[in-house]
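To start, the structure itself, in structure tokens.
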Amino acid sequence: MNHYKEPEMQLHGPELGLHVRTLSLGKQAGLLGEGDLFVGQQHYSSDKTGAMDRVINIESRWRSMTRVLPGTGNTEGLYAGLGIHTLWNDLRGTTSTGSAGYERQAVQLWLPLRWVSSNAWQIDTGILLRGQHISRLSETGNGKQDVTNTQKHGTYAQISWDYSLDSRNVVTPYLRYTHLADSDQVIMNGKYWYEPDSKRWQLGLTWYWKNTP
């Protein structure tokens, strides 16, 4: 379940995702690679521009991390690395008040950190290094141009817990919070445009199948 909120609009609705993880534990350190892909149908609502149903939302998150502080267990410890996040919202169409919508795209570079405990708990956090957000305002058909903003400040935090059903199957409930601050401002048609401060909550359950004996 996804809930995204800006000062003047919000998106919320269910998501379905795919998670892939590769784990290599050598004698010196653990190497971890992960990918998440989420597809959702969201409900858009705004006090100014009305509402819209069935807004397609596609989000991906890719991380490569290494263990920088080993713990007592085989996988326990602190991991750090780099991550790339992408986001696409399809708001094209007309809202309930007749306002024209447009596509929104974002690509972000993150510094992810993760603590893996010996009792199956995981705590993730991340710091935004740089992001680019594109608003396809030209799709509204009213003489506007596309706007590209730079995002420099943001954080996320996630808590999760692995519960083993058997030797191969693991279910992991998680709660995630992401905050992005105001972007820079650019001028288009004599007006300043920016991507406003946003907050996102995501609650879900991941089912892992281990491809190991």
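For the sequence shown, my numbering gives the first residue as 3, with consecutive numbering after it.
Glycine included, each C-beta is placed from N, C-alpha and C at the ideal position.
To the nearest angstrom, how far is the alpha carbon of residue i from that of residue j?
| i | j | result |
| --- | --- | --- |
| TRP203 | VAL41 | 15 Å |
| ARG178 | TRP209 | 16 Å |
| VAL172 | GLN187 | 45 Å |
| LEU33 | TYR176 | 22 Å |
| GLY200 | LEU139 | Reading the sequence as shown, one finds Ser at residue 200 and not Gly. If you take the alpha carbons of SER200 and LEU139, they lie about 19 Å apart. |
| THR150 | VAL22 | 31 Å |
| THR152 | ILE189 | 13 Å |
| SER169 | ALA122 | 14 Å |
| ASN191 | PRO198 | 19 Å |
Quick check on this structure: which residue in the options has the alpha carbon closest to the alpha carbon of residue i?
| i | options | result |
| --- | --- | --- |
| VAL109 | GLN187, LEU115, ASN91 and ARG116 | ASN91 |
| ASN59 | ARG65, LEU71, TYR46 and GLU78 | TYR46 |
| LYS154 | GLU105, GLN134, ARG170 and GLN147 | GLN134 |
| TYR81 | TYR194, THR68, ARG132 and GLY73 | THR68 |
| GLY206 | GLU8, GLY15 and LYS7 | GLY15 |
| SER98 | GLU105, LEU131, MET54 and GLU61 | MET54 |
Keeping to the same chain, check which residues put their C-beta closer than 7 Å to that of residue i; ignore five residues upstream and five downstream.
| i | result |
| --- | --- |
| GLU10 | SER48, ASP49 and LYS50 |
State the CB to CB distance for the pair residue i and residue j, rounded to an integer number of angstroms; the pair is presumed to be in contact (CB under 8 Å).
| i | j | result |
| --- | --- | --- |
| GLY83 | ARG94 | Not quite, the Cβ-Cβ distance comes to about 35 Å (not below 8 Å), so this is no contact. |
| ILE136 | GLN107 | 5 Å |
Just reading off the beta strand (DSSP E) that residue i is part of, what are its end residues?
| i | result |
| --- | --- |
| GLU61 | 52 to 72 |
| HIS14 | 11 to 15 |
| TYR81 | 79 to 92 |
| GLY145 | Premise fails: GLY145 is in no beta strand (DSSP E) and is neither H nor E. |
Please go through the same chain and pick out, in chain order, the residues whose beta-carbon is closer than 6 Å to the beta-carbon of residue i, but skip the five residues on each side of it.
| i | result |
| --- | --- |
| THR174 | SER162, ASP164 and THR208 |
| TYR194 | GLN187 |
Below 8 Å CB to CB, which residues in the same chain sit around residue i once its five sequence neighbours on both sides are set aside?
| i | result |
| --- | --- |
| LEU79 | Checking the sequence, you will find Gly at residue 79 rather than Leu. Around GLY79: GLY32, ARG69, VAL70, LEU71, PRO72, GLY73, TRP117 and VAL118. |
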